Every structure is written in structure tokens, then in C-alpha cells.
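Let me begin by presenting the structure, written as C-alpha cells, before commenting on it.
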Amino acid sequence: FSFVNSLLHKSSPFCFQHTGPVNAISISEQGYFIASCGEDGFLVIYNLSSILPSQVSNFQYPIKAVAIAPDFEKSNNLVVGFNKIYLLSKGMFTKAKHDELAKVHGLCICVYDIRDHRPITFIQFTNPNDEITNLPTMCSLCWCTENCFLISRGHSIRICQISDRTSNSDNSLHSSNSSLTHQSSQSLSSVECRIGLPSRYVEIVHQINMDNSITIHSISRHQTCILLLFNVINDLSKSNYEISVLDIDLDSISNNSISSNHQYKEIYHKKISMKSTASSYIVGLGKIFQCLKPC
1 FSFVNSLLHK
11 SSPFCFQHTG
21 PVNAISISEQ
31 GYFIASCGED
41 GFLVIYNLSS
51 ILPSQVSNFQ
61 YPIKAVAIAP
71 DFEKSNNLVV
81 GFNKIYLLSK
91 GMFTKAKHDE
101 LAKVHGLCIC
111 VYDIRDHRPI
121 TFIQFTNPND
131 EITNLPTMCS
141 LCWCTENCFL
151 ISRGHSIRIC
161 QISDRTSNSD
171 NSLHSSNSSL
181 THQSSQSLSS
191 VECRIGLPSR
201 YVEIVHQINM
211 DNSITIHSIS
221 RHQTCILLLF
231 NVINDLSKSN
241 YEISVLDIDL
251 DSISNNSISS
261 NHQYKEIYHK
271 KISMKSTASS
281 YIVGLGKIFQ
291 CLKPC
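Residues in the sequence shown are numbered consecutively from 1, following full-length UniProt numbering.
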């Protein structure tokens with residue numbers, strides 16, 4: 001249960017056994033490092049290119065999220081979050097430092113600018129007509145590039161972009177031709193650029209609403225495809241989960257619109273079984289490592 005296993009290095013004797021549900025995993029851009037965090041309070045960093053044991057840190061509190069730097073092989077930086085958000089950094093000749101970035105109050109996502117040493121914005125979910133109201137809230141975040149990320153909550157997917165206030169608002173979301181692109185976006189804030197405001201701001205570029213009978217547990221992305229781990233709301237206390245791969249066509253979405261079914265195509269769907277209880281409703285994509293076999 002809650003065992004994060006590398007499909008490429010199944011024979012490694014140094015895989016760490018979490019004692020509770022795994023909440024999130026994060027993989028470096030080169031694919032050599034994987035970080036996992038869980039309800040047991042442990043943060044684990046796996047080095048797939050080394051035979052040395054995994055690095056393990058115990059925070060004594062459940063860790064809800066982890067994001068490893070794309071260049072972790074060089075920077076050794078990562079961010080973890082529970083009721084506080086920490087930046088963990090370690091140089092070649094220095095000890096690891098735990099810098100507190102922000103405290104989390106209520107239900108929100110803090111987007112923090114390490115360059116300016118201040119929050120860019122807090123994305124809050126307070127709309128009474130939001131996805132779910134009487135069930136445990138499940139929220140997952142996935143970075144696409146250094147300035148674009150996805151948020152899943154309830155049955156919806158939000159595509160967010162971080163932009164410079166001095167840059168052209170029509171910049172594309174991604175730098176590569178194979179990435180999702182869009183020509184315009186709607187800012188989270190209508191406040192004009194003033195002295196004292198952060199140098200960057202966050203926009204929700206698109207929102208995609210899936211069937212309202214499902215709850216998305218976790219989200220990931222590769223090129224124009226989005227991977228979802230979800231289950232039907234009536235099955236929250238059971239072990240019936242499903243994964244789906246969506247091919248998103250943002251070019252067909254009109255400006256400032258909420259996407260409908262015709263703007264994404266499901267190209268893969270599979271039902272999986274995972275051990276879970278009503279109290280351990282937060283399930284990360286890291287648990288798929290237990291359920292899927294390499295092709």
C-alpha cells in the first residue's frame with residue numbers, strides 16, 4: 001500500500017515504503033529524480049541513476065504537495081506544502097535549507113515568485129456554484145512549463161498562465177510547437193499595473209468542465225495530452241478508480257469561454273482498482289505506479 005515503484009528500476013533495493021497514502025509525486029525534466037510525499041509526513045527523493053539509498057525527510061505532518069525543480073540535477077531545489085509552503089534548496093557545498101515561503105489559510109492556491117520573494121496571487125475557491133460543496137475537496141496541480149500550470153478541482157480543469165505585467169498579453173502559453181497554445185486570456189485581477197504590485201500576474205486561460213458526476217483526484221500532462229485519475233462521486237468510499245487520457249484542442253475554443261465536450265477527445269480510458277478507505281480520499285497519480293504495468 002502506498003508504495004512508489006520505478007517502472008524502469010524495479011530491481012532497485014532502495015525504494016521507500018510510505019506508511020500512508022501517497023498524495024503527490026513530481027519528476028525532474030531529465031527523468032533521473034522522482035520526489036514523493038504522503039500522509040505519513042515523509043518526503044522521499046529517488047535517484048534513478050544511482051544505487052545509493054533514497055533521500056528521506058520526515059516533516060512530522062502530512063505533506064499534501066511536492067514540486068521538484070525541472071533542473072533538479074543541478075539546482076537541488078523543490079517546494080513542498082501542507083499548512084505552510086517551503087522551498088528546500090541545497091548547494092554543492094552547503095547544507096539543505098528550509099525557507100518558509102507562505103502560510104496557507106483556508107482553501108486556496110498560493111502562486112509564489114521566488115525572484116521577487118513575494119506571492120503573486122492567491123487563487124481561492126469560494127464560488128457557491130463551484131464544482132463540489134458537500135464532499136471532501138480534492139485539488140491537484142501540475143506544472144506544464146515555467147509559466148503555465150493546470151489545476152484540477154471537482155470535475156473541472158483550469159489552465160493557468162503566469163505573465164509579466166510589461167509583456168504582451170497575447171503571448172503563447174508555451175515555448176514549443178508541440179505544446180498547448182492559445183492567443184488570448186482573461187486575467188484573474190482587473191487591477192491595472194501600479195507601483196507595489198507584483199511584477200507578474202496569473203490568468204485562468206481556460207476552464208474545461210468534465211461530467212459533473214466525477215471527482216478528479218490528480219492531473220498530469222504531456223504535450224497536448226492530459227492524464228486524469230478520477231472516480232464517480234458515488235464511489236468515493238470504494239476502490240474503483242479510473243484513468244483517462246484527453247487530447248485537448250485549444251485552437252477550437254473561443255476566447256474567454258468554458259470548454260465543452262467537443263473540445264477534448266478521450267483517447268484512452270481504463271478502470272483500475274486501488275486499496276483506499278473513506279478517510280484516505282486524497283489519491284495521487286503516484287499510486288498508479290502500483291496499478292499499471294509497463295507496456
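By construction, the Cβ of each residue, glycine as well, lies at the ideal position given by its N, Cα and C atoms. Source: prediction; values computed, not measured.
Query raised in the report: With distances taken from CA atoms, which of Q60, I25, K64 is nearest I45?
Result: Within the sequence shown, residue 45 is the residue found at index 45, counting from 1. Cα-wise, what sits closest to I45 is I25.
**Report entry** Proximity to residue 299 [Cα-Cα], best of I162, P198, S156, I204
**Finding:** Lying before the first or after the last residue shown, residue 299 is absent from the chain, which here runs from 1 to 295.
Query raised in the report: Can you tell me whether DSSP reads N209 as helix, strand or coil?
Result: As a first step, residue 209 is located in the sequence shown; it is residue number 209 there, counting from the start. Strand at N209.
Query raised in the report: Which residue's Cα is closest to the Cα of residue 346: K64, I214, R118, S28?
Result: Absent from the model: residue 346. The displayed extent of the chain is 1 to 295, so no value can be given.
Report task. In the DSSP assignment, find the unbroken alpha helix (DSSP H) run with S75 in it and report its ends. Result -> What you label residue 75 is simply residue 75 of the sequence shown in a count that begins at 1. It spans 72-75 - the alpha helix (DSSP H) in which S75 sits, taken as one unbroken run.
Requested in this report: With DSSP as the reference, label N47 as helix, strand or coil.
Outcome: Numbered from 1 along the sequence shown, position 47 holds the residue referred to as residue 47. Strand, per DSSP.
Query raised in the report: For F33, which residues of its own chain have a beta-carbon under 8 Å away from its beta-carbon, when the five flanking residues on both sides are left out?
Result: Here residue 33 refers to the residue found at position 33 of the sequence shown. The answer, listed in chain order, is I27, I45, Y46, N47, L48, I68, F72, E73.
**Report entry** Cut-off 8 Å between Cβ atoms - residues of its own chain near I120, not counting five sequence neighbours on either side
**Finding:** Taking the first residue of the sequence shown as 1, we reach residue 120 at position 120. V111, Y112, D113, I162, P198, R200, Y201, V202, listed in sequence order.
Requested in this report: Flag this pair as yes or no: are the beta carbons of I248 and F230 separated by less than 7 Å?
Outcome: The residue you call residue 248 lines up with position 248 of the sequence shown. The residue you call residue 230 lines up with position 230 of the sequence shown. No.
Query raised in the report: What are the start and end residues of the beta strand (DSSP E) that includes P119?
Result: Counting from 1 along the sequence shown, the entry for residue 119 is found at position 119. P119 -> beta strand (DSSP E) spans 118-124.
Query raised in the report: Hey, would you say S152 sits closer than 7 Å to N209, going by beta carbons?
Result: By one-based count along the sequence shown, residue 152 stands at place 152. By one-based count along the sequence shown, residue 209 stands at place 209. In this structure, N209 does not lie closer than 7 Å to S152 by Cβ.
Query raised in the report: Is V79 closer than 7 Å to L43 when the C-beta atoms are compared?
Result: Stepping through the sequence shown from its first residue, residue 43 is reached at position 43. Stepping through the sequence shown from its first residue, residue 79 is reached at position 79. No, they are not a contact pair.
Query raised in the report: Which residues in the same chain have their Cβ closer than 6 Å to the Cβ of H269, if we skip the five residues on either side of it in sequence?
Result: Walking along the sequence shown from the start, residue 269 turns up at place 269. Excluding the 5 residues flanking it on each side, H269 has same chain C-beta neighbours closer than 6 Å at S244, in chain order.
Report task. Locate the beta strand (DSSP E) running through Q17, then write down its first and last residues. Result -> The sequence position of residue 17 within the sequence shown is 17, counting from 1. Here Q17 belongs to no beta strand (DSSP E), and DSSP marks it neither H nor E.
Query raised in the report: Leaving out the 5 sequence neighbours to the left and right, which residues in its chain are closer than 7 Å to F149 when beta-carbon positions are compared?
Result: Translated into positions along the sequence shown, residue 149 becomes position 149. Around F149: L141, C142, W143, C160.
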